[in-house]
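**Q** The sequence shown stops at residue 778 when you use full-length UniProt numbering, and every number in between is there.
For glycine and all other residues, C-beta sits at the position ideal for the given N, C-alpha and C.
Pasting a structure below so you can have a look.
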Amino acid sequence: MSGYVELPTGGWRLWSQFALRGPGFPAAGVLALAPAGLAEGADKFEVGTDLSGADWTAFETLFSEAMVATAQELQRIAAMPMFRAALAWQNRQLLDSGIAPFLAWTPSAAGRTSMPRQREELVAHYWQRFCVKNDTIGFFGPVGWGRWDLSTRGITVDPGTGLVDASQVYFSSWAIDQVARTVEADPALRPWIPPRRMSFVRRVGRTVTMPGRPPQQILRFHGEVLDLCDGVRTAAEIADTLTTPLPAVEEALAELLRRRWIARRLEVPTSAHPERWLRSAVGRVTDRTVRDRALAKLAVVERARDRVHEAGMNVDALAGALADLETDFAALTDHAAARAKGARVAPCRSLLYGDARRSATATIGTAILDELTPLGLFLTAARWMTNRFAERVGARIRAAYERLRDEHGSVDLGALWFACLPVPHPESAADISAVQAELRERWAQIIDAPPDARRVQVNAADVADRVNELFAEPGRGWNIARYVSPDVLVCADDPDAVERGEFGLVLGELHVAMNTVGASLFVMQHPDVDSLLAETRRDFPGPRVLPMLPKEQPPRWSARSRPALVRPEDYVVALVDHTGDPSRSRNVLAADVRVEDHAGRLVLVLPDGAEFDVLDVFGNALTNRVMDRFTLRGDSAHSPRITIERMVVARESWRVPAAEVQFAHDKSEARRFVRARWWCAGLGLPRFVFVVLPTEPRPFYVDFDSPVYVNILAKAIRRLARQDPDARFTVTEMLPTPEHAWLTDDVGDRYTSELRFVAVDQTVGADDTVTGTVGGQQ
Numbered sequence: 001m002s003g004y005v006e007l008p009t010g011g012w013r014l015w016s017q018f019a020l021r022g023p024g025f026p027a028a029g030v031l032a033l034a035p036a037g038l039a040e041g042a043d044k045f046e047v048g049t050d051l052s053g054a055d056w057t058a059f060e061t062l063f064s065e066a067m068v069a070t071a072q073e074l075q076r077i078a079a080m081p082m083f084r085a086a087l088a089w090q091n092r093q094l095l096d097s098g099i100a101p102f103l104a105w106t107p108s109a110a111g112r113t114s115m116p117r118q119r120e121e122l123v124a125h126y127w128q129r130f131c132v133k134n135d136t137i138g139f140f141g142p143v144g145w146g147r148w149d150l151s152t153r154g155i156t157v158d159p160g161t162g163l164v165d166a167s168q169v170y171f172s173s174w175a176i177d178q179v180a181r182t183v184e185a186d187p188a189l190r191p192w193i194p195p196r197r198m199s200f201v202r203r204v205g206r207t208v209t210m211p212g213r214p215p216q217q218i219l220r221f222h223g224e225v226l227d228l229c230d231g232v233r234t235a236a237e238i239a240d241t242l243t244t245p246l247p248a249v250e251e252a253l254a255e256l257l258r259r260r261w262i263a264r265r266l267e268v269p270t271s272a273h274p275e276r277w278l279r280s281a282v283g284r285v286t287d288r289t290v291r292d293r294a295l296a297k298l299a300v301v302e303r304a305r306d307r308v309h310e311a312g313m314n315v316d317a318l319a320g321a322l323a324d325l326e327t328d329f330a331a332l333t334d335h336a337a338a339r340a341k342g343a344r345v346a347p348c349r350s351l352l353y354g355d356a357r358r359s360a361t362a363t364i365g366t367a368i369l370d371e372l373t374p375l376g377l378f379l380t381a382a383r384w385m386t387n388r389f390a391e392r393v394g395a396r397i398r399a400a401y402e403r404l405r406d407e408h409g410s411v412d413l414g415a416l417w418f419a420c421l422p423v424p425h426p427e428s429a430a431d432i433s434a435v436q437a438e439l440r441e442r443w444a445q446i447i448d449a450p451p452d453a454r455r456v457q458v459n460a461a462d463v464a465d466r467v468n469e470l471f472a473e474p475g476r477g478w479n480i481a482r483y484v485s486p487d488v489l490v491c492a493d494d495p496d497a498v499e500r501g502e503f504g505l506v507l508g509e510l511h512v513a514m515n516t517v518g519a520s521l522f523v524m525q526h527p528d529v530d531s532l533l534a535e536t537r538r539d540f541p542g543p544r545v546l547p548m549l550p551k552e553q554p555p556r557w558s559a560r561s562r563p564a565l566v567r568p569e570d571y572v573v574a575l576v577d578h579t580g581d582p583s584r585s586r587n588v589l590a591a592d593v594r595v596e597d598h599a600g601r602l603v604l605v606l607p608d609g610a611e612f613d614v615l616d617v618f619g620n621a622l623t624n625r626v627m628d629r630f631t632l633r634g635d636s637a638h639s640p641r642i643t644i645e646r647m648v649v650a651r652e653s654w655r656v657p658a659a660e661v662q663f664a665h666d667k668s669e670a671r672r673f674v675r676a677r678w679w680c681a682g683l684g685l686p687r688f689v690f691v692v693l694p695t696e697p698r699p700f701y702v703d704f705d706s707p708v709y710v711n712i713l714a715k716a717i718r719r720l721a722r723q724d725p726d727a728r729f730t731v732t733e734m735l736p737t738p739e740h741a742w743l744t745d746d747v748g749d750r751y752t753s754e755l756r757f758v759a760v761d762q763t764v765g766a767d768d769t770v771t772g773t774v775g776g777q778q
């Protein structure tokens with residue numbers, strides 16, 4: 001690991017390594033769907049002219065020929081083994097229902113009826129995602145890695161061998177949870193399932209308290225049993241500890257279950273390999289017949305998973321293995337093998353997902369670092385935003401604490417957590433909206449863009465003092481608020497251009513109050529996880545307190561995105577969901593954590609005496625509110641491109657009423673294409689854009705030189721207008737464009753990419769609690 005990488009301004013340090021995100025197919029792939037000369041032919045018709053006559057008839061012929069050629073190109077794409085393998089992972093059923101009949105069709109002008117056109121659009125829609133979306137999933141969005149080297153100047157790419165260096169197949173957590181339910185349905189297994197006290201249940205003497213309920217009395221013996229329900233001891237082990245007959249313990253457990261003070265089921269902890277924990281748990285069953293019966297059920301899906309992994313890029317074998325897994329899973333569990341699209345579930349709807357590590361790695365040097373002053377200014381404003389949000393929500397949490405204290409005399413974390421539901425507080429959505437509005441207003445003062453401006457160029461030196469005046473202050477938020485994960489894109493023809501100084505930067509998303517590189521999907525694809533843990537220890541030399549997170553939280557959160565850089569010294573507090581390994585020594589139940597006011601500061605006091613700021617345990621809930629709220633763009637119809645020095649900090653964008661887009665309703669493809677270009681020119685849109693609709697799950701790419709992408713856009717606009725006549729959608733310039741793809745593989749193909757940095761706030765004061773203390777010692 002190299003030394004510190006300090007930003008030029010703002011008190012921020014960057015991790016010495018970064019994630020290199022990019023798709024698994026070359027950027028040039030989408031350009032092949034823009035027929036040569038067609039856009040120029042369309043532009044010969046002036047805006048508003050009558051599209052008729054001999055010239056129009058000639059253009060219609062040219063257009064028809066171009067669309068047949070485009071259909072043939074889409075067939076070539078659809079026949080590619082890697083494309084079909086990627087589609088098998090995304091939606092296996094489409095291989096039979098959409099791709100097979102599309103490949104069996106012979107393109108012709110007359111034959112391009114409704115269904116073939118829908119299949120063209122299907123292929124094109126997936127193709128844009130696979131070619132120009134910097135997603136991170138499977139081999140069609142492999143995780144790449146890079147590092148800083150300040151002894152160099154430009155960018156160096158080591159392409160490695162092939163696209164993917166390593167790949168692995170993982171079970172979705174819900175799939176193994178369902179297998180666990182099937183396994184534990186065997187009543188003979190029950191003696192080996194340890195009971196666990198609910199995280200919010202607290203016993204004091206002969207009284208049990210739960211949030212929102214009156215205190216209840218408990219028999220002394222039942223209380224002793226309850227204290228030993230730690231999720232590790234079996235009923236027999238509890239009986240041995242208490243030197244009590246097992247039937248008496250089982251009777252007590254039945255009563256505790258009836259009163260909902262304990263849980264007794266196979267609770268698989270959140271991890272990248274949940275099946276391993278389940279196999280280990282079942283392996284502790286001492287009755288060989290019962291154990292083998294349970295392991296045989298798990299082995300059914302494990303064998304099917306292995307066949308999927310072995311299939312690799314052989315799409316027929318892959319599709320068959322996925323189908324067999326779904327069949328075996330449904331037969332085993334009597335549960336559907338996929339969760340319905342649109343259901344309120346997290347992103348992992350299928351039984352398996354794949355992740356991969358990109359072969360190519362990158363090294364960047366001082367040429368990039370020297371141009372990151374604008375990033376430092378924005379990170380300074382992001383810190384201000386988290387400070388303001390922490391103050392607002394912190395005051396609301398304190399009010400809830402004081403109500404509980406006045407009512408009960410003392411407060412445990414379980415009670416406080418329930419008093420703030422939905423966490424971090426019912427008013428937190430309004431709080432972050434108010435903070436975001438103020439952030440935008442302050443930046444508007446700093447930038448002071450002229451009305452109707454298309455391009456705004458700002459010198460960092462001219463705004464730095466104003467940024468510091470309005471935003472500069474030490475960090476005072478929760479522990480993970482010290483992190484911001486910015487996406488930075490490099491606009492360059494090739495790596496050598498960076499060395500020559502012929503490049504620009506684009507600030508993409510600013511993921512506030514989170515270290516996204518610490519998510520499981522990244523960490524599991526790193527060749528040296530210990531180096532990531534070392535980066536974490538540099539940021540937090542002492543222990544942290546972290547909330548035990550649910551396995552899923554729609555629409556984005558899943559076990560795949562869980563924080564995976566939790567160290568042995570960190571405390572993890574179970575609040576409502578219990579998704580951690582109960583045998584882990586520093587897992588703590590919320591009911592066992594006291595909340596106290598120490599010199600005007602609310603702190604958590606853990607059973608061993610460690611103390612932390614109360615906001616730390618609310619940290620992920622706070623982050624969920626703030627993480628994607630940093631934006632300069634408001635609700636105006638047009639926002640200019642804003643550039644500070646060499647960094648574009650805001651791309652040009654437009655908000656458009658769907659009902660006003662007339663070209664989308666044109667029945668003729670040729671007229672639709674020409675009128676779309678008129679519309680594009682009227683708004684001043686560039687050729688390449690990304691479009692975000694409130695009805696679509698993610699942004700999609702549009703090339704206005706490509707009729708098939710114009711058709712996809714038109715269909716999406718029509719669908720939106722039908723659902724909500726008053727709806728607006730957002731169009732944002734694509735920057736960098738496909739021509740500025742500098743990331744290469746070993747055969748010279750170029751890929752779009754972005755650098756996902758981890759920025760760490762260095763301004764947290766010495767008196768601020770960022771790590772735990774035990775007995776006054778860190």
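(1) Pull up the distance between the alpha-carbon of Q431 and that of R722, whole angstroms please.
(2) Decide yes or no for the touch test of the segment 744-762 against the segment 153-164: beta carbon pairs closer than 8 Å, at least 3 of them.
(3) Excluding sequence positions up to five away, which residues of its chain have a Cβ less than 8 Å from the Cβ of L332?
(4) Tell me, which residues are paired with P657 by DSSP?
(5) Any idea if S16 is buried or exposed, counting beta-carbon neighbours within 10 angstroms, 16 or more meaning buried?
(6) To which residues of the same chain is A88 closer than 8 Å at the C-beta, ignoring the five residues directly before and after it?
(7) Near P657, which residues of its chain fall below 6 Å by C-beta distance, leaving aside the five closest residues on each side in sequence?
(8) With a Cβ-Cβ cutoff of 7 Å, do R651 and T752 count as a contact?
(9) Where do the ends of the beta strand (DSSP E) carrying G414 lie?
(10) With a 10 Å radius around its C-beta and 16 neighbouring C-beta atoms as the bar for buried, classify V249 as buried or exposed.
(11) What is the DSSP secondary structure of Q93, counted as helix, strand or coil?
(12) Whole angstroms are fine: how far does the CA of S173 sit from the CA of R442?
(13) Are G600 and W478 closer than 7 Å when you measure CB to CB?
(14) Leaving aside the five residues before and after G501 along the sequence, list all residues of the same chain whose C-beta is less than 8 Å from its C-beta, in chain order.
(15) Anyone know if the C-beta pair for L74 and V123 falls short of 7 Å?
(16) For A427, which residues of its own chain have a beta-carbon under 7 Å away from its beta-carbon, when the five flanking residues on both sides are left out?
(17) Per DSSP, which one or two residues make a beta bridge with D50?
(18) Which whole runs of the beta strand (DSSP E) in the segment 171-257 are 3 residues long or more, in chain order?
(19) When burial is assigned at 16 or more other CB atoms within 10 Å of the CB, is G48 buried or exposed?
(20) Please return the same chain residues whose Cβ sits closer than 6 Å to the Cβ of T373, not counting the five positions on each side in sequence.
(21) Using the beta-carbon count (16 or more within 10 Å), is H273 buried or exposed?
(22) Between the alpha carbons of W12 and L622, how many angstroms are there, rounded?
(23) Give the straight-line distance between the Cα atoms of A110 and A716, rounded to the nearest whole angstrom.
(24) In chain order, what residues of the same chain have a beta carbon less than 6 Å from the beta carbon of A637, not counting five sequence neighbours either side?
(25) Report, in whole angstroms, the separation of the C-beta atoms of R482 and V435, which I expect to be a contact under 8 Å.
(26) To which residues of the same chain is R291 closer than 8 Å at the C-beta, ignoring the five residues directly before and after it?
(27) Let me confirm a value: Y126 is counted as buried when at least 16 other C-beta atoms fall within 10 Å, else exposed. Which label applies?
(28) To the nearest whole angstrom, what separates the beta carbons of L20 and L369, a pair I think is in contact under 8 Å?
(29) How big is the Cα-Cα spacing for M198 and E310?
(30) For V603 and V614, which I take to be in contact (beta-carbon distance under 8 Å), what is that distance rounded to the nearest angstrom?
(31) Which of helix, strand or coil does DSSP assign to G146?
(32) According to the Cβ coordinates, are A437 and P640 closer than 7 Å?
(33) At a cut-off of 6 Å, is P159 close to the ligand FAD when judged by its beta-carbon and the heavy atoms of the ligand?
(34) Looking only at its own chain, which residues have a Cβ that is under 7 Å from the Cβ of G212, when we skip the five neighbours before and after it?
(35) Which residue comes first and which comes last in the alpha helix (DSSP H) that contains R288?
(36) Do you know how far the Cα of D597 is from the Cα of Y401?
**A** A quick look at the data gives this:
(1) As a working note, residue 431 is residue 431 in the sequence shown. As a working note, residue 722 is residue 722 in the sequence shown. Correcting the residue type first, residue 431 is Asp in the shown sequence and not Gln. One C-alpha to the other measures close to 33 Å.
(2) yes
(3) In the sequence shown, counting from the first residue as 1, residue 332 sits at position 332. Answer for L332: V179, T182, K297, V300 and V301, listed in chain order.
(4) To locate residue 657, count along the sequence shown from 1; it is residue 657. Partner(s): R728.
(5) Here residue 16 corresponds to residue number 16 of the sequence shown, with the count starting at 1. Looking at its Cβ environment, which holds 16 or more other Cβ atoms inside 10 Å, S16 is buried.
(6) For the purposes of this step, residue 88 is taken as the residue at position 88 of the sequence shown. Closer than 8 Å at Cβ, skipping near neighbours: L95, V315, L318, A319 and L322.
(7) Walking along the sequence shown from the start, residue 657 turns up at place 657. Once the five neighbours on either side are set aside, the close Cβ partners of P657 are R728.
(8) Taking the sequence shown and counting its residues from 1, the one referred to as residue 651 is at position 651. Taking the sequence shown and counting its residues from 1, the one referred to as residue 752 is at position 752. No.
(9) Along the sequence shown, one-based indexing puts residue 414 at 414. Element bounds for G414: not the beta strand (DSSP E) but the alpha helix (DSSP H), L413 to A419.
(10) As a working note, residue 249 is residue 249 in the sequence shown. V249 should be labelled buried.
(11) To locate residue 93, count along the sequence shown from 1; it is residue 93. Three-state result, Q93: helix.
(12) As a position in the sequence shown, residue 442 is number 442, starting the count at 1. As a position in the sequence shown, residue 173 is number 173, starting the count at 1. Going by the C-alpha atoms only, they are around 43 Å apart.
(13) Against the sequence shown, residue 600 aligns to sequence position 600. Against the sequence shown, residue 478 aligns to sequence position 478. No, the pair does not count as a contact, with Cβ atoms beyond the cut-off.
(14) Numbered from 1 along the sequence shown, position 501 holds the residue referred to as residue 501. Answer for G501: A367, listed in chain order.
(15) Counted from its first residue, the sequence shown places residue 74 at position 74. Counted from its first residue, the sequence shown places residue 123 at position 123. Cβ atoms of L74 and V123: closer than 7 Å.
(16) Counting from one through the sequence shown, the residue named residue 427 turns up at place 427. Sequence check: residue 427 is Glu here, not Ala. Excluding residues within five positions, the ones whose Cβ falls inside 7 Å are R396.
(17) Here residue 50 refers to the residue found at position 50 when the sequence shown is read from its first residue. Beta-bridge pairing links D50 to no other residue.
(18) 202-204 and 207-209
(19) Residue mapping note: residue 48 aligns to position 48 of the sequence shown, counting from 1. Result: exposed.
(20) Within the sequence shown, residue 373 is the residue found at index 373, counting from 1. Same-chain partners within the cutoff: P8, T9 and A460.
(21) Taking the first residue of the sequence shown as 1, we reach residue 273 at position 273. Answer is exposed; the Cβ neighbour count stays below 16.
(22) For this step, residue 12 is matched to residue 12 along the sequence shown. For this step, residue 622 is matched to residue 622 along the sequence shown. Approximately 21 Å between the Cα atoms of the pair.
(23) Along the sequence shown, one-based indexing puts residue 110 at 110. Along the sequence shown, one-based indexing puts residue 716 at 716. The alpha-carbon atoms of A110 and A716 are separated by roughly 25 Å.
(24) By one-based count along the sequence shown, residue 637 stands at place 637. Once the five neighbours on either side are set aside, the close Cβ partners of A637 are R655.
(25) In the sequence shown, counting from the first residue as 1, residue 482 sits at position 482. In the sequence shown, counting from the first residue as 1, residue 435 sits at position 435. Their Cβ separation, rounded to whole angstroms, is 18 Å, which puts R482 and V435 out of contact at 8 Å.
(26) Here residue 291 refers to the residue found at position 291 when the sequence shown is read from its first residue. Result list for R291: V282, G283 and V285, in chain order.
(27) Locating residue 126 in the sequence shown gives position 126, counting from the first residue. When all chains shown are included, Y126 counts as buried.
(28) For the purposes of this step, residue 20 is taken as the residue at position 20 of the sequence shown. For the purposes of this step, residue 369 is taken as the residue at position 369 of the sequence shown. Not quite, the Cβ-Cβ distance comes to about 16 Å (not below 8 Å), so this is no contact.
(29) Looking up residue 198 in the sequence shown gives position 198. Looking up residue 310 in the sequence shown gives position 310. Roughly 41 Å between the two C-alpha positions.
(30) As a first step, residue 603 must be located in the sequence shown, where it is residue number 603. As a first step, residue 614 must be located in the sequence shown, where it is residue number 614. Confirmed, Cβ separation roughly 6 Å.
(31) Reading the sequence shown from its first residue, position 146 is the one you call residue 146. Here G146 sits in strand by DSSP.
(32) By one-based count along the sequence shown, residue 437 stands at place 437. By one-based count along the sequence shown, residue 640 stands at place 640. Result no, Cβ atoms of A437 and P640 do not sit closer than 7 Å.
(33) The ligand FAD is absent from the structure shown, which contains no ligands of any kind.
(34) Here residue 212 is taken as the residue at index 212 of the sequence shown, counted from 1. Cβ within range, chain order: F418.
(35) Numbered from its first residue, the sequence shown carries residue 288 at position 288. Its alpha helix (DSSP H) spans residues R288 to A311.
(36) For the purposes of this step, residue 401 is identified with residue 401 of the sequence shown, where counting begins at 1. For the purposes of this step, residue 597 is identified with residue 597 of the sequence shown, where counting begins at 1. Rounded to whole angstroms, Y401 to D597 spans 9 Å at the Cα level.
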